[in-house]
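K.L.:
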Amino acid sequence: MRGRLWLEALERELIQRRLPRQEVARLVAELSDHLADEMDSRSSGGPSAVQDTASIDSPFDLTEEQMSMQKSIAVRLGSPADIAETAAQEFRRRKTLLSRSWLAAFCTFVLLPLPALLLGWLAAFQAARLVCYTCEWVYSGEGPVRGITPLRVFGVNVLLVILVVAPATTFAAIFGRLAKKTAHRWRWGLVACFLVAMATAVVTTTATFSDTPGKDQIHFSIPLYGSARYWKSLFWKSLANPTRLGQILLPLGVGVLILRRSAGGAIQPATCQALSSR
Amino acid sequence: MTRKRTNPDFLNGVPELLILHLLSGRAMYGYELVQAIRLATNETLEFGEGCIYPILHRLQADGLLASRRETVGGRNRVVYRITPGGVRRLKESVALWRRVAGAIQGALQGVTDAGPAVA
Chain Z
17 MRGRLWLEAL
27 ERELIQRRLP
37 RQEVARLVAE
47 LSDHLADEMD
57 SRSSGGPSAV
67 QDTASIDSPF
77 DLTEEQMSMQ
87 KSIAVRLGSP
97 ADIAETAAQE
107 FRRRKTLLSR
117 SWLAAFCTFV
127 LLPLPALLLG
137 WLAAFQAARL
147 VCYTCEWVYS
157 GEGPVRGITP
167 LRVFGVNVLL
177 VILVVAPATT
187 FAAIFGRLAK
197 KTAHRWRWGL
207 VACFLVAMAT
217 AVVTTTATFS
227 DTPGKDQIHF
237 SIPLYGSARY
247 WKSLFWKSLA
257 NPTRLGQILL
267 PLGVGVLILR
277 RSAGGAIQPA
287 TCQALSSR
Chain X
37 MTRKRTNPDF
47 LNGVPELLIL
57 HLLSGRAMYG
67 YELVQAIRLA
77 TNETLEFGEG
87 CIYPILHRLQ
97 ADGLLASRRE
107 TVGGRNRVVY
117 RITPGGVRRL
127 KESVALWRRV
137 AGAIQGALQG
147 VTDAGPAVA
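Each protein sequence line maps, in turn, to chains Z and X. Using the numbering used here, the first residue of the first sequence is number 17, and each one after it goes up by one. Using the numbering used here, the first residue of the second sequence is number 37, and each one after it goes up by one.
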């Protein structure tokens, strides 16, 4: 099989596998260079003689020896079907846009975490509210009016911490996992987990209890702006308060743990269909 | 056309490891890289040379390699070089490869010394 016919067969196989036109053109061009190099190497003992593949394939110039040589070259390169199959597999295995684009990574790991976390908190508090209303409706009219017991205060405060920390930890895990799948894993993943942890640290929740059923209130606030002094004081207060410290450490710890676990999977399977050992 | 014997499962990850290792020494174009693999492995590995290009393209898309058209030996070629990300990946891959190879070596040594556990 002559070089040009081999390249045409390869192009057909690549197109059949629906590879992008740009990828097909690049592969064919590089393999064409490869063929030319191999021909040079065989005919002149080194890749010095410049000879393009068109001249190699000229049917009028080919001697029987040259045709036999080109056939062996095609065998050495691999069959067009094998190469096309490998190309299709490798193309599918390429990382997403997130791995390649700095902007996409910035948007995902720097801009997205805080809005996503806010939505997560909103969903968590709405779910809790729904549960409370349901309980109120189920137990309405039963028993005496409730009092403000220490157990009730403790239970509500624990619930508030869970409502704040659970979505934050979940998002830290999600961003850690997402970062693990990209080439920028540590850098970007750590930034996202740090942002989530910091946002969790500055959240304030308070509960106001009432003897009257249905009149309890929960306040959830996030300071969006303030002076440098205010943020500094908030930061030190957070470190001094065990609950707030937990709010920082839990999401950060989970995110870092997921990122660390990614370090073991370094060798990715790279399938080359025509690779074998003697 | 003669088709080469294939064994993709057994040698998963080997082409990537070899490519990164060889390119960590110096930048090379595809043909040069294939010859370097043959030489480095003493022609122990047999492979369809064309398969190297899709792997190179994937490694480049993953940010582990960079490529540029350059004139080498009077001809315009695509030259590949390793990136800092590729160097990091190479270190991880080499460490994992050594661990796996050591474990297999240990297992084979155990069988040789003590004989097969199951008759």
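Beta carbons are placed, not taken as given, at the ideal position from N, Cα and C, and that holds for glycine.
Give the interface partners of THR102 (chain Z) over in chain X, defined as CB-CB distance under 7 angstroms, in chain order.
P.N.:
Numbered from 1 along the first sequence, position 86 holds the residue referred to as residue 102 (chain Z). Residues of chain X passing the Cβ test: CYS87, PRO90.
K.L.:
Taking the alpha-carbon positions, what's the ALA188 (chain Z) to PRO267 (chain Z) distance?
P.N.:
Reading the first sequence from its first residue, position 172 is the one you call residue 188 (chain Z). Reading the first sequence from its first residue, position 251 is the one you call residue 267 (chain Z). Roughly 6 angstroms between the two C-alpha positions.
K.L.:
Shorter than 9 angstroms from the beta carbon of ILE72 (chain Z) to some beta carbon of chain X?
P.N.:
Sequence index remark: in the first sequence, residue 72 (chain Z) carries index 56 (1-based). Annotation note: pLDDT 47 at ILE72 (chain Z) (below 50); position unreliable, coordinate value reported separately. No, its Cβ sits nowhere closer than 9 angstroms to a Cβ of chain X.
K.L.:
Suppose the cutoff is 6 angstroms on Cβ atoms and the five residues either side in sequence are ignored; what does the same chain contact list for VAL70 (chain X) look like?
P.N.:
Numbered from its first residue, the second sequence carries residue 70 (chain X) at position 34. For VAL70 (chain X), where only same-chain residues beyond five positions count, the Cβ hits under 6 angstroms are GLU85, ILE88.
K.L.:
How would you list, in chain order, the residues of chain Z whose beta-carbon sits under 7 angstroms from the beta-carbon of ARG113 (chain X)?
P.N.:
Locating residue 113 (chain X) in the second sequence gives position 77, where the first residue counts as 1. Chain Z residues near ARG113 (chain X): ASP49.
K.L.:
Using the three-state DSSP reduction, which class does VAL219 (chain Z) fall into: helix, strand or coil?
P.N.:
Residue 219 (chain Z) sits at position 203 when you count from the first residue of the first sequence. Coil.
K.L.:
Throw me the rounded Cβ distance for the PRO90 (chain X) and LEU23 (chain Z) pair, which I believe falls under 8 angstroms.
P.N.:
Taking the second sequence and counting its residues from 1, the one referred to as residue 90 (chain X) is at position 54. Taking the first sequence and counting its residues from 1, the one referred to as residue 23 (chain Z) is at position 7. Actually they are not in contact, since the Cβ atoms of PRO90 (chain X) and LEU23 (chain Z) sit about 15 angstroms apart, beyond 8 angstroms.
K.L.:
Going by the CB atoms, is the gap between ALA195 (chain Z) and LEU275 (chain Z) shorter than 9 angstroms?
P.N.:
As a working note, residue 275 (chain Z) is residue 259 in the first sequence. As a working note, residue 195 (chain Z) is residue 179 in the first sequence. In contact: LEU275 (chain Z) and ALA195 (chain Z) (Cβ atoms closer than 9 angstroms).
K.L.:
If we ignore side chains and look at the alpha-carbon of each, how far apart do ASP68 (chain Z) and GLN96 (chain X) end up?
P.N.:
As a working mapping, residue 68 (chain Z) is identified with position 52 in the first sequence. As a working mapping, residue 96 (chain X) is identified with position 60 in the second sequence. For ASP68 (chain Z), the predicted structure reports a pLDDT of 43, less than 50, and the residue's modelled location is therefore unreliable. A value from the coordinates is still provided. Each residue's alpha carbon lies about 26 angstroms from the other.
K.L.:
May I ask you to report which of helix, strand or coil DSSP gives PHE225 (chain Z)?
P.N.:
Here residue 225 (chain Z) is taken as the residue at index 209 of the first sequence, counted from 1. PHE225 (chain Z) falls in the coil class under three-state DSSP.
K.L.:
Assign HIS93 (chain X) to buried or exposed, taking buried as 16 or more other Cβ atoms, counted over all protein chains shown, within 10 Å of its Cβ.
P.N.:
As a first step, residue 93 (chain X) must be located in the second sequence, where it is residue number 57. Looking at its Cβ environment, which holds 16 or more other Cβ atoms inside 10 Å, HIS93 (chain X) is buried.
K.L.:
Would ASP232 (chain Z) pass as a contact of THR221 (chain Z) if the rule is Cβ separation under 9 angstroms?
P.N.:
As a first step, residue 232 (chain Z) must be located in the first sequence, where it is residue number 216. As a first step, residue 221 (chain Z) must be located in the first sequence, where it is residue number 205. Result no, Cβ atoms of ASP232 (chain Z) and THR221 (chain Z) do not sit closer than 9 angstroms.
K.L.:
Taking 8 angstroms as the cut-off, does the stretch 25 to 37 of chain Z touch the stretch 58 to 68 of chain X (at least 3 CB pairs, one atom from each stretch)?
P.N.:
Flag = no, the stretch 58 to 68 of chain X and the stretch 25 to 37 of chain Z do not touch.
K.L.:
What would DSSP say about ARG33 (chain Z), mapped onto helix, strand or coil?
P.N.:
By one-based count along the first sequence, residue 33 (chain Z) stands at place 17. ARG33 (chain Z): coil per DSSP, three-state reduction.
K.L.:
Any beta carbon of chain X sitting closer than 9 angstroms to that of LEU250 (chain Z)?
P.N.:
As a first step, residue 250 (chain Z) must be located in the first sequence, where it is residue number 234. LEU250 (chain Z) does not count as touching chain X.
K.L.:
Using a C-beta cutoff of 9 angstroms, does ARG92 (chain Z) count as contacting chain X?
P.N.:
Against the first sequence, residue 92 (chain Z) aligns to sequence position 76. Closer than 9 angstroms: yes.
K.L.:
In whole angstroms, give me the CA-to-CA distance for SER88 (chain Z) and GLY94 (chain Z).
P.N.:
Stepping through the first sequence from its first residue, residue 88 (chain Z) is reached at position 72. Stepping through the first sequence from its first residue, residue 94 (chain Z) is reached at position 78. Roughly 10 angstroms separates the two Cα atoms.
K.L.:
How many angstroms separate the CA atom of ARG34 (chain Z) from the CA atom of ARG104 (chain X)?
P.N.:
By 1-based counting over the first sequence, the position of residue 34 (chain Z) is 18. By 1-based counting over the second sequence, the position of residue 104 (chain X) is 68. Each residue's Cα considered, the two are about 26 angstroms apart.
K.L.:
Just the C-alpha distance for PHE83 (chain X) and ASP98 (chain Z), rounded to the nearest angstrom, thanks.
P.N.:
The count along the second sequence starts at 1 and reaches residue 83 (chain X) at position 47. The count along the first sequence starts at 1 and reaches residue 98 (chain Z) at position 82. Straight-line Cα distance between these residues: approximately 11 angstroms.
K.L.:
Report, in whole angstroms, the separation of the C-beta atoms of GLN263 (chain Z) and THR216 (chain Z), which I expect to be a contact under 8 angstroms.
P.N.:
Working through the first sequence from its first residue, we reach residue 263 (chain Z) at position 247. Working through the first sequence from its first residue, we reach residue 216 (chain Z) at position 200. With a Cβ gap of about 5 angstroms, GLN263 (chain Z) and THR216 (chain Z) count as contacting.
K.L.:
Less than 8 angstroms between C-beta atoms, sequence neighbours within five positions excluded: which residues of the same chain meet that for VAL115 (chain X)?
P.N.:
Locating residue 115 (chain X) in the second sequence gives position 79, counting from the first residue. Excluding residues within five positions, the ones whose Cβ falls inside 8 angstroms are ALA63, MET64, TYR65, SER103, ARG104, ARG105, GLU106, VAL108.
K.L.:
Mind checking which residues open and close the beta strand (DSSP E) that includes SER237 (chain Z)?
P.N.:
One-based indexing of the first sequence puts residue 237 (chain Z) at position 221. 233 to 237 is the span of the beta strand (DSSP E), which, as asked, contains SER237 (chain Z).
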